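>
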Amino acid sequence: MLVEAPFSGNRSLTSQSLSADLVVVGGGMAGICAAITAARQGLEVVLVQDRPVLGGNASSEIRLWILGATSSMGNNNRWAREGGVIDEILLENQYRNPEGNALILDTVLLEKVTQEPNITLLLNTAVHRCEKSGANRIAAALAFCSQNSTEYRLEAPLFVDASGDGILGFLSGAAFRIGAESREEFDEAFAPEKAYGELLGHSLYFHSKDSGKPVQFIPPAFANTDLSSLPCFHTFNLHDRGCRLWWVEYGGRLDTIHATETIKWELWRIIYGIWHHIKNSGEYPEMETHTLEWVGMIPGKRESRRFEGDYMLSQRDVVEQRTHPDQVSYGGWALDLHPADGIYGELPGCTQWHAKGVYGIPYRCLYSRNIDNLFLAGRIISASHVAFGSSRVMATCAHNAQAVGMAAALCKGQQVLPRDLMEEELMDNLQQRLMDMGQYLPGMHLRDTDNLAKRASLSISSTFSLQQLPADAGWKALDSSMAQMLPLEEGKIPDFTFVVKAKNATNLILRLWASSLPGNFTPDRQLAEKEFAVSKGVQELTVDFGQLLDETAYYFIAFEANPLVQVAISQLRLTGLLTVFNRVNLDVAKGSRQEPPEGLGVDAFDFWLPERRPGGHNLAISCTPSLQLYSPENLLNGSFRPTIQTNAWLADPTDPEPTLTFSWPEQQKIRKILLWFDTDFDHPLESTLRGHDERVMPFCVREFRLLDERGSLLYEEKNNHQSRYEILFATPVKVIKLVLQLKHPGKKVPAGLFGIGVYS
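Residue numbers (numbering that gives the first Met the number 0): 0 to 759.
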């Protein structure tokens, strides 16, 4: 028992001081990925989160789905899903939570962080002050936990602000901006006029559930029951139980930091008014048995402060896909700006303009230009308001933050500050270490000079040669133009044979397309066109485009839409092969072709989109001569996803036990092995709400074994679902031969690998 006597002064709260190598402020997806990356590199990390759960906008408190460069498969950024820690998290969530339950995602995030012994996690803890050791350096962050009534002093040589509103950057005096730049400052034709507004607002989501019996709803007194006051009132997709109402947005004309509570109350008024309309207007009788299950307690924020680094990303970086020597991340979401008036305005809820491919994000955007030991992560990175419209989405923020976490580790190892990593050798080291952990950097590859597999002789049980994709999955109607994407080598193009079925005699046009920029997947350069007279019924169609290709790249063999014709498709699924359609994904575009107004500084082009599985079959095709797309040499080229080629080795589907044997002339002592699997980087893995038909990507090898030259089992896995698989031996194994046996993922999906690393 404690009895405290009266005290005439002011009592002090319990206080605690923590010292670390790195303090990360903010536990959204950016803060999580920065903290995990740094911790795995050996840094002691304190992760400070002002909420009771991790994930920020992705958490169960807000329930926004994680997306990035894949843009929900609505753009031409093929195989663009972010790699590294964010990929690991999304794949784990997919495996445990294909239904998209935000509560399960909470547990995945908490587990990932708490399993790292080098991370100290402080939940419900808000930074409110900082101490400095000079004009340009942070010494400590001061924070308060509302749950244990404790004040913390967090001391470190390096800090990351991933807080969304940039609380630590603000307190420390870092240069920042709020609002939109003029068109002239960065030569941005898309910069909005004042009437459109300078800030994006906040949103709230809700869920309903079917209770199985009639449910009455009486709105609270504060609900806005007059929907005529909402000029931007939309219809509802009731199959989504209400939650995808991203357009219920408000606050862009207010102070999106200090007026957040005011904005939240207005959004509550709107949400409860919408539910009143659904339940009581009589327009939705199918919702009679539904009850309101959940409404967000805090709004999802889009925009507030943006901090200044040594470089500010701009519209032209995104659209022109500019290259930067200090590229450490990339983006691919559209330039996506929302009118400041939100739901109370007359304008469409958003204006999205896509680039033809992904764009690099330079390291100079990820640290403060005037606070020497402050990294920037999340939506506050150094970008103009227009470029922020693309870089602000969560998977991009997380990918940037992984670069920050690795940079912090390099800073500690070299005893330097963030800006010092711009030195050429240090930057190269940072980029290589990022790629080694699974971070994808467009146009770059991992040199991997320590890889013992590069000094071994390799024998393989089989390699798949693309001679034919059998016509065994039915037919696909040419209700829109469709194309088979194939990586082809420089030189003469093979002859291709397809199987078509026509209702009546007609003419059918095939075109050969390429991308104007290497590494892009936007077919904007027509190379050839052939027209065929097709008779009624089933027939083979052989096309010789007669072309000499000037570069190794992905090409599109495109069928023009024809409602009288169907094309045969195949059950065989192969790494790096896709069929795409000239269609629209209304989630992220207005039509199948992007047609910007003249002078906007954005390209016009067609969207060619794949189908989500269980659709998405390849076209049945025969190739003469056969295509050699899956050379074993790809295993050591340092690229771990399709780029200008498949970058994969693939076994023949008839091979009963795909096996790779690495042999050395003398015994090797092996401590670590890395395997790089195909988890379909074209699939966006939306984390919440949108359900997925698969728990494991169909191309991913789930079962494999490692043996030595005597056949002794060194390692076995029966349930892999990750892209990057690391094996660490407690005691190094001594081998002359290393044998890797794989099991085919499915009868129509042969086993394959993007890469292997063997290290002493």
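The C-beta atom is built at its ideal place from N, Cα and C for all residues, glycine as well.
Small disclaimer: the values here were computed from a predicted structure and weren't measured.
1) CA-CA distance, VAL317 and ALA354?
2) Report the partner residues of LEU153 according to the DSSP bridge assignment.
3) Quick one: residues in its chain with C-beta nearer than 7 angstroms to the C-beta of LYS131, no 5 flanking neighbours on either side, listed in chain order?
4) Threshold first: 4 residues or longer. Then list the alpha helix (DSSP H) segments lying entirely within the region 367-432, N to C.
5) Tell me the rounded alpha-carbon separation between GLU319 and PRO664.
6) For the beta strand (DSSP E) containing ASN506, name the first residue and the last one.
7) Should SER389 go down as buried or exposed, given a rule of 16 or more other Cβ atoms within 10 Å for buried?
8) Please state whether the Cβ-Cβ distance between LEU121 and ALA142 is less than 8 angstroms.
9) Go ahead and pull the three-state DSSP assignment for VAL542.
10) What ranges does the beta strand (DSSP E) occupy inside the region 155-243, keeping only unbroken runs of at least 3 residues that lie completely in it?
11) Please list, in chain order, all residues of the same chain as ILE370 whose beta carbon is under 8 angstroms from its beta carbon, the five residues on each side excluded.
12) Give me the DSSP bridge partner(s) of ILE342.
13) Does the distance from the CB of ALA140 to the CB of VAL126 come in under 8 angstroms?
14) With contact counted as at least three CB pairs below 8 angstroms, one residue from each stretch, are the region 667-684 and the region 747-755 in contact?
15) Check each candidate in ALA220, ALA29, THR36 and ASN74 and name the one with the smallest Cα separation from LEU53.
16) Distance check for GLY598 and LEU42, CA to CA, integer angstroms please.
17) Quick check: what's the CA-CA separation for SER590 versus SER70?
18) For GLU693, tell me which candidate among GLY73, LEU90, VAL2 and LEU21 has the shortest Cα-Cα distance.
19) First and last residue of the beta strand (DSSP E) that includes TYR553?
20) According to the neighbour-count rule (16 or more other Cβ atoms, all chains shown, within 10 Å of its Cβ), is SER480 buried or exposed?
21) Taking its Cβ as the centre, do 16 or more other Cβ atoms sit within 10 Å of SER638, making it buried, or is it exposed?
22) Quick check on this structure: which residue in GLN546, GLU685 and ALA504 has the alpha carbon closest to the alpha carbon of ARG510?
23) Tell me, to the nearest whole angstrom, how far the beta carbon of ILE88 is from that of LEU108; I am working on the premise that it is less than 8 angstroms.
24) For the alpha helix (DSSP H) containing ILE31, name the first residue and the last one.
25) Helix, strand or coil for ILE767? Go by DSSP, reduced to three states.
26) Which stretch, first to last residue, makes up the beta strand (DSSP E) that contains VAL564?
27) With a CB to CB cut of under 6 angstroms and the five nearest residues on each side skipped, what residues in its chain are close to ALA339?
28) Could you give the DSSP three-state label for TYR283: helix, strand or coil?
29) Using only CA atoms, which one of SER686, ALA750 and ALA455 lies nearest to THR660?
30) What is the rounded straight-line gap between the Cα of THR255 and the Cα of ASP677?
31) So, MET405 versus ASP325, is the Cβ gap smaller than 8 angstroms?
32) Does VAL24 come out as helix, strand or coil in the three-state DSSP assignment?
33) Kindly indicate which residue of PRO683, VAL579 and LEU457 has the alpha-carbon position closest to the one of GLU632.
34) Could you give the C-beta distance for GLN740 and ARG701, rounded to a whole number, given that I count them as a contact under 8 angstroms?
35) At a threshold of 7 angstroms, does PHE205 count as lining the ligand FMN (C-beta to nearest heavy atom)?
36) Measure the CB-CB distance between GLY356 and LEU516 and report whether it falls below 8 angstroms.
This is what the structure holds:
1) 7 angstroms
2) LEU17 and ALA140
3) ILE137, ALA138 and SER171
4) 384-390 and 393-413
5) 49 angstroms
6) 505-513
7) buried
8) yes
9) strand
10) 157-160 and 205-209
11) ASN135, ARG136, ILE137, GLY168, SER171, GLY172 and ALA173
12) BP columns for ILE342 are empty, so no partner.
13) yes
14) yes
15) ALA29
16) 48 angstroms
17) Note that residue 590 corresponds to Gly in the displayed sequence, not to Ser. Their backbone Cα atoms lie some 15 angstroms apart in a straight line.
18) LEU90
19) 552-558
20) buried
21) buried
22) GLN546
23) 7 angstroms
24) 28-39
25) Absent from the structure is residue 767, since the part of the chain shown begins at 0 and ends at 759.
26) 564-569
27) GLY196, LEU198, GLY251 and ARG252
28) coil
29) ALA455
30) 41 angstroms
31) no
32) strand
33) LEU457
34) Actually they do not touch by this definition, with Cβ atoms about 13 angstroms apart.
35) The ligand content of the structure shown is nil, which means the ligand FMN is not present either.
36) yes
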